[in-house]
Amino acid sequence: MTVRVRFAPSPTGYLHVGGARTALFNWLFARRHGGTFILRIEDTDLERSTAESEEGLLRDLRWLGLTWDEGPGIGGPHAPYRQSERTKIYQEWARRLVETGAAYPCFCTEDELEKKRQQAEAEHRSLHYDGTCRRLTAEEAKRRVAAGEPHCIRVRVPVKDYAVDDLVRGRVEWKSETLGDFIILRSNGMPVYNFCVVVDDADMEITHVIRAEEHLTNTHRQLILYEALGKPIPQFAHVSLILGADKTKLSKRHGATSVGQYETDGFLPQAMVNFLALLGWAEGIDKELYSIAELIEKFSLERINPAPAVFDHTKLIWMNGQHIRLLPVDKLAEMIAPAMRDAYPGDARMEDGGFLRKLAATVQPALTVIPDVVNVAKPLLHAGEPADDEAKAALAAPEVPALLAALAGEFKGCDWQRDPINAAIKAAGKKAGVKGKGLFMPLRVKLTGSCHGPDLINVLDLLGRDEVVRRLGV
RNA sequence: GGCCCCAUGGUGUAACCGGCUAACACGCAGCCCUCUCAAGGCUGAGAGCGGGGGUUCGAGUCCCCCUGGGGCUACCA
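FYI, in the numbering used here the residues of the first sequence are 21 to 494.
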């Protein structure tokens, strides 16, 4: 049996990290088993769904590299993949269920239901639908429908127990009578979420439903629906929620939660994927840095942790730094270019591939997110006065003027390569009678204005002889 | 209220179908490297596995109860 999975977001906001992880797990599972990854848009809630959200969702998924095989923009054998375009399909299935008696029209009004609910609550009875219209004869129901009486459609919930063998949670059971006859078609003819999901998953021949834990109890209703529809039941895997630092469900309060925000903040998609994959999944060995290919190779649903996971932003930052360090220098040069051009408009060096490459090599160990490059590069790009007392002190030593003169002299005469430059620094130090900090600090401060920064040899190489000599100011 | 899920250091996880001095990573502290900051390397502090009962020669690992978190309980998704 070939694997078919789906990610089915509602376009009511941007893709958040929880959704992204669910999408990732589905995608990894599909890729791992040579299956099909389907994207389906669950926009039955017309009020809250927007086209912009949908576009954002698709964009963020593409950025993460989670490409879909069937879905919006691609199509596929089960098109359309947007629920708002599938209304007829749901209505047709609902009609058939009424025909077979698995479902029935209900004429109770919302007011009546609300009253009954309140009464039930007061009497500490179960809040389920009491089945008033379930007892109507088929003829009477048909007559009232024909008379145009407003009605919704409810499924006739069988009196029996249900169970599912969840791939991450094991066996989960529901006793009979814990659910009342629930609505599948609203009185305005529009289908309800749980019904759409089952019709679609059945129609699209989904083999594994991998989704968030909040849907676990929905599975009870869905099992009933699969049965009513006469469709095979897929395997289920319910992934836990992602929490914020205070252990409540991750939300805006906890800082950035949308994938798009991480992109603009300068995180790498491969780092994001790596981090998300490890939120609730582990291979079982001491390994944390994974490439996408490795994740595909190792991923398995059985090793998903059923407990909720706290989103640790600090660790994400660390992991992003790791992935930046893994980048080929050329690639990093390409990635820092936009931020640098933005920070230094019109600066010709930002168009110079060789310069950007050297800059990338210089800043690579220091970056945690891409935009950091602007800050790290700042002192390198324009000479400044000593930034603080520490820097001023480094220039206060009596040997400094002689040292700077010697450095300038040596630099002018040497071959501008790393080794000769190093030799020139040593030689100048000897002439001025300084070494170690006494030698390097004045040079560093003179060039960058600060006592801290990247390896000096990289700075020299990056700036070029003319600029270095100019900054020495002798 | 009812139904369901979950529970290992601050955080993410590991510990094969019961045998541990409970491991790794982030973070934290210190040291090393080094012209400095990072990066990198090393060392350390930090949980006796939510609590209580069992089962067993032996339990983080199995069973029960409790507690605490969370989800669902809509003509939301």
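C-beta atoms are modelled at their ideal positions from N, C-alpha and C, and glycine is treated no differently.
Only a predicted model underlies this, so the values are computations on that prediction, with no experimental measurement involved.
In DSSP terms, what residue i is bridged to
| i | result |
| --- | --- |
| Ser146 | Answer is none; Ser146 lacks a bridge partner. |
| Asp186 | Gly190 |
| Phe256 | Val229 |
| Val489 | DSSP, once it has assigned bridges, lists no residue as partnering Val489. |
| Ser278 | His36 |
| Cys172 | Cys126 |
| Ala329 | Ile262 |
| Phe27 | Leu59 |
| Lys501 | Any question about residue 501 goes unanswered here, given that the chain covers just 21 to 494. |
| Pro211 | Leu205 |
| Thr356 | In the sequence as presented, Thr is not what sits at residue 356; that position holds Ile. The partner list for Ile356 (beta bridge, DSSP) is empty, contrary to what the question assumes. |
| Trp301 | Ile324 |
Proximity to residue i [Cα-Cα], best of the options
| i | options | result |
| --- | --- | --- |
| Leu288 | Gly449, Lys180, Ile390 | Ile390 |
| Ser104 | Ala353, Ala265, Phe431, Ile61 | Ile61 |
| Asp332 | Ala363, Met292, Asp350 | Met292 |
| Arg323 | Thr468, Lys267, Glu112, Ala302 | Ala302 |
| Glu419 | Thr32, Lys451, Asp408 | Lys451 |
| Pro462 | Ala444, Phe431, Pro406 | Pro406 |
| Phe57 | Ala43, Thr70, Ile305, Thr64 | Ala43 |
| Glu193 | Ala166, Leu243, Gly38 | Leu243 |
| Val175 | Pro326, Ala114, Gln437, Ala411 | Ala114 |
| Phe202 | Ala447, Thr468, Leu133, Glu430 | Leu133 |
| Glu247 | Lys267, Glu234, Tyr182, Leu199 | Tyr182 |
| Asp63 | Ala443, Thr32, Thr87, Asp89 | Thr32 |
| Gln384 | Thr87, Lys335, Gln342, Asp285 | Gln342 |
| Pro29 | His53, Ala71, Lys412 | Ala71 |
| Val218 | Gly95, Ile94, His235, Ser207 | His235 |
| Ile499 | Thr239, Leu263, Lys466 | The question about residue 499 has no answer here: the residues shown for the chain are numbered 21 through 494. |
| Gly449 | Ser470, Ala425, Val212 | Ala425 |
| Leu221 | Asn340, His98, Leu263, Gly190 | The question names Leu, but residue 221 in the sequence shown is Asp. When only C-alpha atoms are compared, the closest one is His98. |
| Ile312 | Leu321, Gln290, Ala329, Ala122 | Gln290 |
| Arg369 | Ala297, Leu245, Lys307, His402 | His402 |
| Phe215 | Leu245, Trp47, Glu371 | Leu245 |
| Gly85 | Asp372, Ile316, Pro399 | Ile316 |
| Trp88 | Leu48, Arg106, Leu249 | Leu48 |
| Thr237 | Leu263, Asn208, Arg191, Arg361 | Arg191 |
| Ala204 | His53, Asn46, Ile109 | Per the sequence shown, residue 204 should be read as Ile rather than Ala. The shortest C-alpha separation from Ile204 is found at Ile109. |
| Asn46 | Gly93, Asn442, Tyr34, Ala297 | Ala297 |
| Leu336 | Phe295, Gly366, Gly429 | Phe295 |
| Arg26 | Val37, Leu35, His36, Gly55 | Gly55 |
| Arg154 | Val177, Lys318, Asn325, Gly433 | Val177 |
Exposure label - residue i; buried when at least 16 CB within 10 Å
| i | result |
| --- | --- |
| Leu147 | exposed |
| Glu119 | exposed |
| Val179 | exposed |
| Gln139 | exposed |
| Thr157 | exposed |
| Ser271 | exposed |
| Arg145 | exposed |
| Ile305 | exposed |
| Met21 | exposed |
| Asp266 | exposed |
| His472 | exposed |
| Ser196 | exposed |
| Gly300 | buried |
| Arg464 | buried |
| Asn340 | buried |
| Asn478 | buried |
| Thr468 | buried |
| Pro125 | buried |
| Arg490 | exposed |
| Glu430 | buried |
| Thr382 | buried |
ask   = Unbroken alpha helix (DSSP H) runs of length 4 or more, entirely within the region 56-142: which are they?
value = 71-84, 107-120, 130-142
task = Decide yes or no for the touch test of the region 346-363 against the region 262-282: beta carbon pairs closer than 8 Å, at least 3 of them.
result = no
Three CB pairs or more closer than 8 Å across the region 476-487 and the region 368-386 = yes
ask   = Within the chosen definition, does the region 246-261 reach the region 183-196 through at least 3 CB pairs nearer than 8 Å?
value = yes
query = Is the region 76-95 in contact with the region 347-365, if contact means three or more CB pairs nearer than 8 Å?
reply = no
key: Touching by the beta-carbon criterion (3+ pairs, under 8 Å), the region 419-429 and the region 442-456   = yes
query = Which ranges does the alpha helix (DSSP H) cover as unbroken runs of at least 4 residues, wholly within the region 415-472, from first to last along the chain?
reply = 420-433, 438-452, 457-468
request  = Would you be able to state if there are at least three C-beta pairs under 8 Å between the region 155-173 and the region 228-237?
outcome  = no
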